[in-house]
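Asker: Protein chains in written order, with our numbering: chain E, 1 to 709; chain H, 1001 to 1554.
1. Pull up the CB-CB distance for residue 1400(H) and residue 1354(H), whole angstroms please, since I reckon it's below 8 Å.
2. Quick check on the DSSP output: what are the complete beta strand (DSSP E) runs of length 3 or more inside the segment 9-58 of chain E, in order along the chain?
3. How should residue 1538(H) be labelled, buried or exposed, when 16 other C-beta atoms within 10 angstroms of its C-beta is the threshold for buried?
4. Rounded to the nearest angstrom, how far is the Cβ of residue 492(E) from that of residue 469(E), given a contact under 8 Å?
5. From residue 204(E) to residue 617(E), what does the alpha carbon distance come to, in whole angstroms?
6. Apply the 10 Å Cβ neighbour rule to residue 1004(H) and answer buried if 16 or more other Cβ atoms are within range, or exposed otherwise.
7. From which residue to which residue does the beta strand (DSSP E) around residue 226(E) run?
8. For residue 59(E), is the classification buried or exposed, using 16 other Cβ atoms within 10 angstroms of its Cβ as the cut-off for buried?
9. For residue 1357(H), which residues does DSSP report across the bridge?
10. Does the Cβ-Cβ distance between residue 246(E) and residue 254(E) come in under 7 Å?
11. Listing by chain order, which chain E residues have their CB less than 9 Å from the CB of residue 1026(H)?
12. From the beta carbon of residue 606(E), is the nearest beta carbon of chain H less than 7 Å away?
13. For residue 1001(H) and residue 25(E), I'd like the C-alpha separation in whole angstroms.
14. Could you tell me if residue 1274(H) is buried or exposed, where buried requires 16 or more neighbouring beta carbons within 10 angstroms of its beta carbon?
15. So is residue 13(E) buried or exposed if we call it buried at 16+ other beta carbons inside 10 Å?
16. What number of angstroms, rounded off, separates the C-alpha of residue 1039(H) from the C-alpha of residue 242(E)?
17. What does residue 1443(H) touch in chain E if you count any residue whose Cβ is under 7 Å from its own?
18. Ordered along the chain, which non-local residues of its own chain (more than five positions away) have a Cβ less than 7 Å from that of residue 705(E)?
19. Provide the residue span of the alpha helix (DSSP H) that contains residue 1082(H), from first to last.
20. Along chain E, in chain order, which residues have C-beta atoms closer than 8 Å to that of residue 1140(H)?
21. Is the distance from the Cβ of residue 1294(H) to the Cβ of residue 1247(H) below 7 Å?
22. What is the rounded straight-line gap between the Cα of residue 1154(H) and the Cα of residue 1260(H)?
23. Across which residues does DSSP place residue 476(E) in a beta bridge pair?
24. Just verifying my parser: in three-state terms, what is the DSSP assignment at residue 100(E)?
25. Any idea what DSSP makes of residue 1253(H), helix, strand or coil?
26. What does a CB cutoff of less than 6 Å around residue 1232(H) pick up in its chain, not counting 5 residues either side in sequence?
27. Keeping to the same chain, check which residues put their C-beta closer than 7 Å to that of residue 7(E); ignore five residues upstream and five downstream.
28. With burial defined as no fewer than 16 other Cβ atoms inside 10 Å of the residue's Cβ, what is the status of residue 580(E): buried or exposed?
29. Take the Cβ of residue 632(E) as the centre, count every other Cβ of all protein chains shown within 10 Å, and call the residue buried at 16 or more, exposed below.
30. With 7 Å set as the bound, which would you pick, yes or no: does the beta-carbon of residue 391(E) sit closer than that to a beta-carbon of chain H?
31. May I ask you to list the residues that DSSP assigns as paired with residue 1564(H)?
32. Could you check how far apart the C-beta atoms of residue 1120(H) and residue 1143(H) are, in whole angstroms? I think they sit under 8 Å.
33. If the cut is a Cβ gap below 8 Å, which residues of chain E does residue 1548(H) touch?
34. List the endpoints of the continuous beta strand (DSSP E) containing residue 498(E).
35. Could you work out which residues of chain E lie near residue 1256(H), taking near to mean beta carbons separated by less than 9 Å?
36. Could you check whether the Cβ of residue 1067(H) sits closer than 7 Å to any Cβ belonging to chain E?
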C-alpha cells in the first residue's frame, strides 16, 4: 500500500487475532489503510497485537497517543471452547434435567456411520448439579426453590474449587427469578466465582441450546475477562488511552465490560468482521443483493447480504467435529451473522473415495505442513497444489515471502493423492480437484440461499480472503451471477470490517402468543424491555457521543401453529401494538411467507415465538463509488504463462499482470492472471475486469457463455 | 448435442468427461437435498421437521432412482426407490403428461403405512421440438392425520387406519384434482395441514424439476441418460467391491421381542454372494391382529440400511446400490404383512430388522457388528382430554420422540439415549410444554441401564411426565424391549429392559391405549443397549470414570 504522510492526529486501529495470523490495520485520517500481519502468540495473544501496533505506528510515523479508536476481534473464545481450555465450571440446573447438554438431540449427525462418536459435553456429568424448583411454560411456579438445598449446594460448589458456575433452569426465559436468586447467593458467599445465568446470556426457549450457551459463557468467562483486562492495561501503559471495543458475533462493537460479562458473544467475531467489510462495500457500490465469499486456508465462508445488511441468525454451532456437519458441534444461541462454512480452503486435502470420486476436505494441511508445494513436508495434494499445477499460482508471483512454491512437489502429490488412483495425468487430476472444490462451494451457496428463501439470480459476489479471488470468477459462473467484485485489502478484510462496524446490540427473548388470542400488553412489554436492554449496551459502548444517533430494528419470529420453523417479520421502529396488532401481524406474516414459499395457507392460526430488538449506531455513509464495467484497454507489456482455462477446457497462453500496473479506468480481457501481495485473481477467457476509481476490480462476463464445456 | 455424441477422441478426453460426470452427479445430489430442504421448511408434520421423516429423490424415465437425499429415516431407503415404478405402471406411460402430479399412500406401494404420502412429478423437456419425458422427482412425508382411528396400533384391519389413496393424479396438466382434495378434506383431521403438506410435497418436486432443467441447460445436455449410466456404473462397482469384503455364505439370526400381547420371533437367513445380499424372513412369527405388522418393503429398507452401514458408509442410495440387496418372506409373516393387515405402527418391529440382520453378519464381520440396542423408539403419543366430563376442553395432541441406548461397538461404548437405526431427533421439553397441557418432570440418563462389557452398552433414560390444567392423557403405548432386553455380544451383558408405570406404582402395558389420570405421573424407564466383550476386559480407568460420572453405581 502506498504510504502517505499522516497528520499527527486521529488514527484508528483494528486487530483481528486469527488462528494463524494476527492482522492489524491502521486507518489514516484520510480514510486509507495500512496493515501488517504478525504470527499469533497463543500463550498471550496481546503480545502479537502490541507488536503489530508498534510496528504500524512506527512505519506511519504516528504516536500511541494519536490512536482515537481501537477495535478488536478474536478467536480466543472460540479456541478455548474447541480446545477445552476454559475454566473449571459447574452447571446448576432444574432437578430432572441434569443431562440436557449430554443427551443433546438424541440423534446421530451421520446416518451411515456405525462408529460415530458424539461430541463430549462441555461440562461433565459429575460437575452438573440439580436443585428442586420448577416453573411451567407460563412462568407459574409448580415447585418452589428449595433454599436450604440451594445453600448446601452453594457451599459444596464454592469449596470444590470451581472457578465459574453456569445456571440454567427450565423456562427461565419467562421468569428468571430463581436463576437470579442462586446467582446472588453465590456472589454473596463466594465473590471470587464467576456466575452466568441463562436468562441473561440467552433468554430463548429450548433448553438444550440455552443451557449449552450459558455453559459456554461460564466456561470462557474467567479466561476472557483476564485477557481483556491485560490487553487494556498494556495499551494504557503504552499511551493508547482511547476506548477499546470488541467486535461481537452479530457484527457490531461492544464495550470491554459487556464483552467480559458475555464473552460467548465474541465467538465468531473474526468472520463477522469479514461480513461487515463486505456489507460496507455493498453500500459503497450500491449493490443491495450481495453474496460475500471469504476463502482462507482451511474453510470457505459464504454470507448473504441484502440491503447492505448481512443475514443474521439466532443460533449457530461451534466446533463441528465431523466434516462441518450440522449437529456435530455445540449449539450457541446468540444473535450472529449467518454464514455457511465449508471445508474448502487452500489447504484442504484432496482424496479419492471408494466410488472413484474426488473428495476435497474436510481435513486441511493448514499452515503446517501446508500444501505439498510449500516444501514443508506436506505430501497430500491440496487445493493450492492444484492451483499451482494449473498455472493459476506461480512461484514468482506467490505472495508469502518465506514460501518457495515447488511445482514439482505439487505435481507429485497430485499424482499420488488423486491421479494414480483414477488414471489421470496431473493436469486432469488438478482440473478435477479445482472443479470439485468449486462445485462444493456452489452447492453450499445454493443450499444456504434455499434456507433463506432467496433466489441468487441478480446477486453480486464480493470475494476476499487469500484464496477467494482464485476461485471467484468460476464460482460466479457456476452460480449464474453476473458481477464479481475483488476489493483492495482483501487479505485483511475482517480487520478492516472492524473499523466500519457500528456499535450495536441485539437483544432476543422468547415470548409466546398467537394471532387468535394476541397478548397486546405482553408483547409491548417485551419489546420495551428488549429495546431498553439493547439501548443500554449501545450507550455503554458509545459513551462520548452526546447526541447518539441510532437505528432500532424490531423483529418477531412467527410461524403457523404446528410448524417448527419460524420466519422473521419486521416491525416498525417505534410502533406500539393496539387491538389491531393481530391483523397487522397476520398480514405481514402472510406476505413474508409468500415471499419465502410462494403461497400462504388460509385460516390457520399464527404464533409468535421469539422477539428481538437490534439497536445500532448510524455509521456515516462513505462516499459512494459508481461501478463501471467499461474501461480503456490496459496497454501493458504482458508476460504470459500456460494456464488452464475452464471454458476452453485446456491450457492456453495466459497473460500475467501485477494488480498495481493496471490503472483506474483500465480494463483487462480474460484470460488473465492478476497477482498482488496477498492474493491472485483469475479471469477465464470470457471474463473482463475493469479497475474502479478506488482500486476495486469489477469482473463481468463478455457474453453469456456456456460454462461447462 | 449430448455428451454421448462427443466420442472420446483420446483417453484424456474420456478422463475429463468422467470428471464432468462427477460434477453433475454431485449437482444432482445437491438438487435432491434442496428438494428435501424445501419440504422440511414448509412441513406441518412434527415427524417431518423434527425427525426428518421424509425423503426425496430423482429418477430416470424408467423409474430407476439416480439420487436420493440423505434424511432422518432409513425407512424410506428402498421404499422410495421402489415407488416410482409403481407410479409408472399404475398411471400408464401413455397417460403421463407435462404438468401432472401423482400421489399415493398405499402402504404396499409407498412407505409402509397410510400416514406416509408419496408424491411423484414427471419432468418433460423439449428435445428436437418434442416434449419428452426425461425423468421424475418423488418425495415422501409423514402427514399429521389420515382419518380412521388415528395413529396407533389398535386397528384390526388397514381399513380402520384411515383413508387409502390408490396411485392417482393429484394434478393433470397443471389442473388440481379437486375431487380428491374434497375427499381428503372430508376424511382427515387437521385437513388444512394435511392438504398443506401435500402441496408442500408437490412444491418440493417442482423445485427439483426446475433445478434439473437449469442444470441440463448449463451442461448442454438433453437428458439424464448419460449421467444415470455413469452413476449406476460407478455405484455398481463400489457396491460389489464392498459386498466382496463379506465372506460368501449363508448366515442366520433370530431375535425375540415383546410384540403385542405375545412375543414375536424375528428370523432371518442372510445369503451373501458375489452379486449382493439377500435376506429371507422365513421362520418369523405370523402377522398379529393389531397394527404392528410390517409390509415387506419397509423391512427391506431396514435390512438394506443395516447392510449399508455394515459394509460401506460411503455407498450412495440409488438403483444400482439398492438393487443388490433383496428380500423375500412367506406371505403374512409379521415382516410381510399383506392387505388388509393393519400396519399403522410398523416402525416398532421394522426398527428391529436392522439389529436382526446385523446380528446375522456377526460371524462374517466379527469386528464390525455392534451388540443389540434399544431399537424401536419410545415415542410418547397422547391425546390430552378433559378429565372432567362436565368441563369440556379442546383436545390437544402431544408427541415426543425418545430413544434408549444403542448397542456397544467392538471398539466403542454404545451411545446413550440416541436413536438407531432411526435418525429421529427429540424435541425440547420447553417447546413441548409450550404447546400442550403437559409437564415433563424428568428426562435424564438412566444409570446402570447399559449392558456391561469391554465396551458398555449405551444408557437409556428416565422420563417422568404428567397432565396439567385439568387434563388427562389418553395415550397409545408403542414400547418394546420390556420383556426382551437388548442382548449383549461376545460376552457382553444385556441392556436393562424398559419399564412403564404410574408414580403410584400401577404397572402399564407396553402397547395399546391407556389413561394417565389427572394428578398422576407416568414414568418410563427406557431400555439400554447391550454390552460388547467380556466385562473383565474393561479398562479400569474408563470404569472408574463411569462411576465418577454416575453412569454406573459404585
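Each residue gets a CB set at the ideal place from its N, CA and C atoms; glycine is no exception. Owing to the predicted nature of the structure, the values given are computational and were not obtained by experimental measurement.
Answerer: Put simply:
1. Between residue 1400(H) and residue 1354(H) a beta carbon distance of about 22 Å is seen, past the 8 Å cut, so the two are scored as non-contacting.
2. List check, beta strand (DSSP E) in window: 11-17, 21-27, 33-39.
3. Residue 1538(H) should be labelled buried.
4. Not really, about 14 Å apart at Cβ, beyond 8 Å.
5. Cα to Cα, residue 204(E) sits roughly 25 Å from residue 617(E).
6. Annotation note: pLDDT 39 at residue 1004(H) (below 50); position unreliable, coordinate value reported separately. With fewer than 16 Cβ atoms within 10 Å of its Cβ, residue 1004(H) is classed as exposed.
7. Not the beta strand (DSSP E): residue 226(E) falls in the alpha helix (DSSP H), residues 207-238.
8. By the 10 Å Cβ count, residue 59(E) comes out exposed.
9. Note: residue 1357(H) is not bridge-paired with any residue in the DSSP secondary-structure output.
10. Closer than 7 Å, so yes.
11. Correct list: 357, 436, 439, 440, 443.
12. Residue 606(E) is outside the set of residues whose beta carbon lies under 7 Å from a beta carbon in chain H.
13. Any reading at residue 1001(H) is ruled out, since the residue's pLDDT is 35, under 50, leaving its predicted position unreliable.
14. Using a 10 angstroms sphere on the CB of residue 1274(H), the tally of other CB atoms stays under 16, which defines it as exposed.
15. In the assembly as shown, residue 13(E) is a buried residue. Its beta-carbon has 16 or more other beta-carbons within 10 Å.
16. About 52 Å.
17. The contacting residues are 96, 97.
18. Note that residue 705(E) scores a pLDDT of 43, beneath 50, so its modelled location is shaky and nothing firm can be said.
19. Secondary structure note for residue 1082(H): its alpha helix (DSSP H) is the uninterrupted segment 1077-1091.
20. Around residue 1140(H), no beta-carbon contact reaches into chain E at under 8 Å, the shortest distance being about 16 Å.
21. In this structure, residue 1247(H) does not lie closer than 7 Å to residue 1294(H) by Cβ.
22. Looking at the two C-alpha atoms, the distance is approximately 10 Å.
23. Partner(s): none; residue 476(E) has no beta bridge.
24. The answer is helix: DSSP assigns residue 100(E) an H, G or I state.
25. The answer is strand: DSSP assigns residue 1253(H) an E or B state.
26. The answer, listed in chain order, is 1320.
27. Note that residue 7(E) scores a pLDDT of 42, beneath 50, so its modelled location is shaky and nothing firm can be said.
28. Exposed, because fewer than 16 other Cβ atoms sit within 10 Å of the Cβ of residue 580(E).
29. Looking at its Cβ environment, which holds fewer than 16 other Cβ atoms inside 10 Å, residue 632(E) is exposed.
30. By this cut-off, residue 391(E) is not an interface position.
31. The displayed coordinates of chain H run from 1001 to 1554. Any statement about residue 1564(H) would go beyond what the structure contains.
32. For a cut-off of 8 Å, the C-beta gap from residue 1120(H) to residue 1143(H) is around 16 Å, too long to register as a contact.
33. Neighbours of residue 1548(H) on chain E, chain order: 126.
34. Per DSSP, residue 498(E) lies in no beta strand (DSSP E); the unbroken alpha helix (DSSP H) holding it starts and ends at 493-499.
35. Those within 9 Å of residue 1256(H) in chain E number zero; the least Cβ separation is about 24 Å.
36. So no, residue 1067(H) is outside the interface.
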